[in-house]
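Accompanying notes for the structure given below.
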């Protein structure tokens, strides 16, 4: 489909975000074209990257990594600001900030995201029991993620996440540094 769209001259202007994070005690920045994650999301991406380097290949690799690491990751104290307004100050499992709807094996972490509206979408996943999430797992793929009561939604042009202790950050599926 992509080759045909290019050949036919179809173009689309999409928003791009800038993600700031820390690595080796220095502030770094990276452009984002899809979704950035912090916390559990970044932990899974880091583990997935490790598996890829070892040569593990499978269609279900991301889902397997997601389930397996759910029991290893502990929620962290996080503060989240949207457009300068504190919207969350509590333990958090995972956060996704993005421009587009999909990431990680077809998961719709941001089902209401619009790629050219100038707004970032934010999903915050509060600590949740494994069985509660497992029985609602299909919502992660069908756009019904906000039906899960442990998941909060926000939108804004500027999103800031701070944690104590620091948590990992990933951008467009690439593990980077950590939160400030």
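Numbering (UniProt numbering), first residue to last: 1 to 180.
Using N, Cα and C, we set each Cβ at its ideal position, and we do this for glycine too.
Note that this is a predicted model, so its numbers are computed, not measured.
With a threshold of 16 other beta carbon atoms within 10 Å, residue 12 falls short and is exposed.
Around the Cβ of residue 99, a 10 Å sphere holds 16 or more other Cβ atoms; the residue is buried. Under the Cβ criterion (8 Å, minimum of three pairs), the stretch 128–136 does not count as touching the stretch 25–32. In the three-state DSSP reduction, residue 6 falls in the helix class (H, G or I). At a cut-off of 3 residues, the continuous stretches assigned as beta strand (DSSP E) that sit fully inside the stretch 4–56 are 17–23, 26–32, 35–39. At the C-beta level, residue 65 and residue 93 stay beyond 8 Å of one another. Across the structure, residue 166 and residue 179 are spaced so that their CA atoms are roughly 5 Å apart.
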